[in-house]
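Report on the structure given below.
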Amino acid sequence: MRAILCGVLAAAAVALAPQASADPFDPPEPTSQPIPPPPYVDHTRWTQWDGESSLRVYPTWAGRRASGLGATQPGDEAWSEVLKLAPDADTPGMRAQFMCHWYFAEAAAPGKTSWNLEPWRPVVDDNQMLKARCNPGGTEEPF
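Each residue of the sequence shown is one higher than the last, beginning at 3 in this note's numbering.
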């Protein structure tokens with residue numbers, strides 16, 4: 003009897019043991035993708051919107067992939083690319099608008115053609131910038 007009981011317990015232990023195969027209800031932790039190399043900005047273009055200046059920043063595929071919350075180092079590189087293409091963008095508040103777009107634009111509006119920065123927008127703290135969806139002091143351009 004004892005041998006039968008031991009056999010049943012051993013079979014139950016094997017049946018209840020964790021399986022080596024992948025469990026579709028408990029997928030493994032995602033692995034982080036490597037950050038693609040620059041360039042992160044394809045081009046920029048100054049334009050007018052509602053009578054005000056606006057700098058359209060056109061990210062590359064690599065820029066879209068490298069951007070996101072916490073991606074500060076590639077964001078700094080991307081901002082330096084913006085300044086090389088549009089040196090007059092180096093005005094108060096423009097970098098903050100750019101970094102807000104860098105951190106959140108692809109999550110909020112994936113594939114948006116351009117990230118639009120306006121020198122006329124007020125300089126605000128990070129909380130206000132986020133509440134304004136990166137566009138403090140006025141409405142967002144509809145494109």
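Every residue gets a Cβ at the ideal spot worked out from N, C-alpha and C, and that includes glycine.
In this text the structure is predicted, and so the values were computed from the model without any measurement.
Please report the distance separating the alpha-carbon of Glu142 from that of Gln35.
On the sequence shown, residue 142 is found 140 positions in, with the first residue counted as 1. On the sequence shown, residue 35 is found 33 positions in, with the first residue counted as 1. So the alpha carbons of these two residues sit roughly 31 Å apart.
Close-in-space but distant-in-sequence residues of the same chain around Pro139 (CB under 7 Å, 5 per side omitted): For the purposes of this step, residue 139 is taken as residue 137 along the sequence shown, with counting starting at 1. For the record, residue 139 in the displayed sequence is Gly; it is not Pro. Answer for Gly139: Arg123, Pro124, listed in chain order.
* Round the Cβ separation of Val59 and Thr46 to the nearest angstrom and send it over; I've been treating them as touching at under 8 Å. => Walking along the sequence shown from the start, residue 59 turns up at place 57. Walking along the sequence shown from the start, residue 46 turns up at place 44. About 5 Å; that satisfies the 8 Å criterion.
task: Answer yes or no: do Ala64 and Pro41 have a C-beta to C-beta separation smaller than 9 Å?
output: Here the question's residue 64 lines up with position 62 in the sequence shown. Here the question's residue 41 lines up with position 39 in the sequence shown. It is a contact, given that the beta carbons lie within the stated cut-off.
Among all the DSSP beta bridges, which residues are the ones paired with Glu54? As a position in the sequence shown, residue 54 is number 52, starting the count at 1. Bridge partners of Glu54: Trp51.
| query | Counting along the chain, where does the alpha helix (DSSP H) carrying Asn129 start and finish? | reply | In the sequence shown, the residue the question calls residue 129 occupies position 127. Counting along the chain, the alpha helix (DSSP H) containing Asn129 begins and ends at 128-133.
Q: Would you mind reading off the limits of the alpha helix (DSSP H) that contains Trp63?
A: Here the question's residue 63 lines up with position 61 in the sequence shown. Here the alpha helix (DSSP H) through Trp63 covers 63-68.
*asked:* For Pro38, which residues in the same chain have their Cβ closer than 7 Å to its Cβ, ignoring the five residues on either side in sequence?
replied: Residue 38 sits at position 36 when you count from the first residue of the sequence shown. Closer than 7 Å at Cβ, skipping near neighbours: Ala64, Arg67, Ala68.
Checklist line | Helix, strand or coil at Tyr105 according to DSSP, with G and I counted as helix | finding: Here residue 105 refers to the residue found at position 103 when the sequence shown is read from its first residue. If DSSP states are grouped into helix, strand and coil, Tyr105 belongs with the helices.
- Item | Where the beta strand (DSSP E) through Trp117 begins and ends | If you number the sequence shown from 1, residue 117 lands on position 115. 117-119 is the extent of the beta strand (DSSP E) around Trp117.
| field | Which of helix, strand or coil DSSP assigns to Val125 | value | Here residue 125 is taken as the residue at index 123 of the sequence shown, counted from 1. Coil, per DSSP.
- With burial defined as no fewer than 16 other Cβ atoms inside 10 Å of the residue's Cβ, what is the status of Trp117: buried or exposed? The residue given as residue 117 occupies position 115 in the sequence shown. Buried is the call here.
Next on the checklist: Applying the 10 Å Cβ sphere with the 16-neighbour rule, what's the burial state of Ala2?
Outcome noted: Absent from the structure is residue 2, since the part of the chain shown begins at 3 and ends at 145.
(request) Quickly, what does DSSP pair Val43 with across the bridge? List them, please. (result) Here residue 43 refers to the residue found at position 41 of the sequence shown. In DSSP, Val43 forms a bridge with Pro61.
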